[in-house]
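Down below is the structure, laid out as structure tokens.
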Amino acid sequence: MKHSITLGKVSKFMGLGFLTTFKDLFTGKLEKEDFKNFLRKVVVPLASIFLFIGLWHAGSKSLYNIEADFRINKALEEQGQVAADAVAACIALGEDSSCQPNTLPSPAQVWGSYKSLLRDHNIISADKAAFIEKTAVLNEKRVADGKDPIVYTGRPSFVDQIFRSLQTVFAGFLLALLIAVPLGIFIGLSPTLKSSFNWFIQIFKPVSPVVWYLLVFMIVKTLLIGSSEDSSFTISFISVGLCSMWATLVNTAMGVSSVDKDYINVAKVLKLGTFQKIFKVVLPSSLPLIFTGLKITLSVAWMVLIAIELLAQSPGLGLFVWEEFQNGANDSNAKIIVAMFVIGIIGFLLDRLMLTIQNWVSFDKTDAI
Amino acid sequence: MSTIIENKKTEIITDNGLFPSNDVMLDLKKLKKVYPTPNGDYVVLEDLNLQIKKEEFVTIIGHSGCGKTTMLSMIAGLNPISGGNISVLGKHIKGPGPDRGVIFQSPSLMPWMTALQNVMLGVNQVFPDATKAQRNDIAKYYLQKVGLEDAFNKRASELSQGMQQRVGIARAFAIKPKVLLLDEPFGMLDSLTRGELQDILIEIWNKEKITAVMITHDVDEAIFLADRVVMMTSGPKAKIGDILDINFERPRTRKSVLEHDDYYKYRKHLIDFLEH
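Below, the structure written as structure tokens:
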């Protein structure tokens, strides 16, 4: 039997089944039955997106008006009619940021900020490229002389922050994986270890990311004492890992301890050694549960990352949001909303990524949700 | 307890009704199984004695819950013995081991492995000194024997129940056990597939002559496959109720067995016991 890879298969595999319907629409393969499907999978979601944007627009408009009225009334009460008129004129003009209502930005403003962030990124990367080009010759000489090369130390762009956040989350995720999976296997295999670790898991699982951060901060700060290196990245990725590893730990332990009794009996009858039993029987059979755990871990890691970056002052989306909030510029609120959407979309993509890997390694193709 | 002894192949029986010890492959002596419950001990098996000769095929029938599977898993070493002992070739068993191959009721294949890998799992374990190619040949040979030459590299999860159980048969024979234990291996299959698999099983068995103990609910299956049918009394405290020798010649075909004059006599004997 020959397996061919088609767009339909791939997109279904990745949980993006609606793409197939989309393709059928353009290739004219749509039957009557498919039309219903198309309505449900494409039209209805699109309509709900428009509805969402509409509500958002109306909501932000009314919030804007509340703020504006409040400011005008305040000026009227405190400084009289002339001042109130001046404030109203200033708001209507929309140029001076000091008199602008500071509230939920409208969808249009957010879109504008998104474009300005991209422009900003283009400027910064051009700047960076120019800098690298300019210093290339000098750096070569410095390296030859045994000195450190000069690196670009300018402000990171929004896109740089995204990549920095992704780095942190993957480092944290990897740490969680390296701790939780082996530990989970040991706990799942041995009832003694299970009962000795249970209190530990139950107590530390619900601890908030903020507290984890503080704990890691206490330890890493002392460990790196005297070192001039910036420890914020280390602290934040360790905190992310420790926060998010619990789902994997619990799921791995559960998967390993609940392997089908028949498989264990087969292993016993064949007298497989411990090593073989773990790698040939126990691990493959608990992979689906381990991956469910890893999926939760990755999404938790991404969720707590923002809070931890913010606390650790580690560059990334979290810090970006915090700085914009502190900044209080005219478009700060809109930039925060842009970051919110970026965070949401990346979270969704990470989830799909894990689902794809899970489908790929799992033996039971129907199992994954 | 009336034992019909009319098997022309069964030769000498010693004074105490036992077989000479060098003929015995599997010996169950005063076997007892007790499950402790909050309301006191529940005795599943008590004072169960059974001898199975080399190259003998024994089927065990009895009502559901009488302790057949308990007995079989005790022989396999998967269930601890509460009293008495079980010995293979005169040696008391200690836990499970590949000298007693098991074909489980559910095929129990590792679904993430291919048919070949499933068989190899056992072969690698039993023939660690053979070369990789030799081991591969052994596994492939038995898979061919069960009619799966086209499915070596299919994942177990892609195979039908019947095909999975074929792999189970190949896996059990490939490790060349001294005793083969079959726990209602065809119970979950439809009757057509069951017939096919019985034929495959008996064909391989005719070649290998591995001492076999098989639990079944199916009276016809019990007669068709066995040299002796062991009937167990209903639990609790189940023991051997009766043993029926089946004197059909081997190799047998389903047709010749069904047409044999003794067939209905045997069948009636078993059904009378079960309905008693």
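Which chain is which? The protein sequence lines are A and B, in order. Residue numbering for the first sequence is 0 to 368, as defined by numbering that gives the first Met the number 0. Residue numbering for the second sequence is 0 to 275, as defined by numbering that gives the first Met the number 0. In this text, a Cβ means the ideal position worked out from N, Cα and C, and glycines have one as well.
Along the region 141-172 of chain B, going in chain order, the ones with a CB nearer than 8 angstroms to a CB of chain A are 154 and 156.
Chain order gives no chain A residues near residue 87(B), where near means a beta carbon separation below 9 angstroms; the closest approach is about 14 angstroms. By DSSP's assignment, residue 56(B) forms a beta bridge with 211(B). Residues 238, 307 and 310 of the same chain have their beta carbon placed closer than 6 angstroms to that of residue 212(A), with the five preceding and five following residues left out of the count.
Look at residue 216(B) here: in three-state DSSP terms it is coil, with no helix or strand label. Contact between residue 156(A) and residue 112(A) does not hold, since their C-beta atoms are separated by about 14 angstroms, which reaches or exceeds 8 angstroms. At a cut-off of 9 angstroms, the C-beta of residue 227(A) has no neighbouring C-beta in chain B. Residue environment: residue 144(B) is assigned as buried (16 or more neighbouring CB atoms within 10 Å of its CB, all protein chains considered). In the three-state scheme derived from DSSP, where H, G and I count as helix and E and B as strand, residue 150(B) is classed as coil. Here the region 123-140 of chain B does not lie against the region 182-202 of chain B, with fewer than 3 beta-carbon pairs under 8 angstroms apart. Contact annotation: in the region 188-203 of chain A, no residue has its CB less than 7 angstroms from a CB in chain B. Contact annotation: in the region 114-137 of chain B, residues whose CB is within less than 7 angstroms of a CB in chain A are 120, 121 and 124. Every unbroken stretch of the alpha helix (DSSP H) spanning 4 or more residues and falling wholly within the region 179-207 of chain A is given here in chain order: 190-203.
Shown here, residue 62(B) sits in coil according to DSSP, grouped into three states, outside any helix or strand.
Against chain A, a Cβ distance below 8 angstroms from residue 103(B) picks out 261, 264 and 265.
For residue 50(A), the enclosing alpha helix (DSSP H) has its first and last residue at 43-78. In the displayed model, residue 248(B) falls within coil according to three-state DSSP, outside both helix and strand. By the neighbour-count criterion, in which 16 or more other beta carbons inside 10 Å mark a residue as buried, residue 234(B) falls on the buried side.
For the set 256(B), 31(B), 106(B) and 161(B), the Cα lying nearest the Cα of residue 79(B) is the one of 31(B). Residue-level contact by beta carbon holds for residue 284(A) and chain B, with a gap shorter than 9 angstroms. Closer than 9 angstroms to the CB of residue 269(A) there is at least one CB belonging to chain B.
Per DSSP, residue 25(B) is one residue of the beta strand (DSSP E) stretching across 23-36.
Linking residue 47(B) to residue 244(A) through their CA atoms gives a straight-line distance of about 53 angstroms. The beta-bridge partner set that DSSP reports for residue 50(B) consists of 26(B). A residue is called buried when at least 16 other Cβ atoms come within 10 angstroms of its Cβ; residue 344(A) does not meet this threshold and is exposed. Taking CB atoms only, residue 275(A) has a neighbour in chain B less than 9 angstroms away. Relative to the Cα of residue 263(A), the nearest Cα in the group 102(B), 184(B) and 107(B) belongs to 107(B). By the C-beta criterion, the region 350-359 of chain A is judged not to be in contact with the region 167-187 of chain B, since fewer than 3 inter-stretch pairs fall below 8 angstroms. Chain B has no Cβ within less than 9 angstroms of the Cβ of residue 220(A). Distances from the CA of residue 228(B) to each of 73(B), 59(B), 157(B) and 54(B) were compared; the closest alpha carbon is that of 59(B).
Taking every protein chain shown into account, the CB of residue 58(A) has fewer than 16 other CB atoms within 10 angstroms, so this residue is exposed. According to DSSP, residue 113(B) shares a beta bridge with 154(B). Around residue 281(A), no beta-carbon contact reaches into chain B at under 8 angstroms, the shortest distance being about 11 angstroms. Residue 178(B) is bridged by DSSP to 99(B) and 210(B). In terms of Cα proximity to residue 176(B), the closest of 255(B), 98(B) and 81(B) is 98(B). Closer than 9 angstroms to the CB of residue 253(B) there is not a single CB belonging to chain A.
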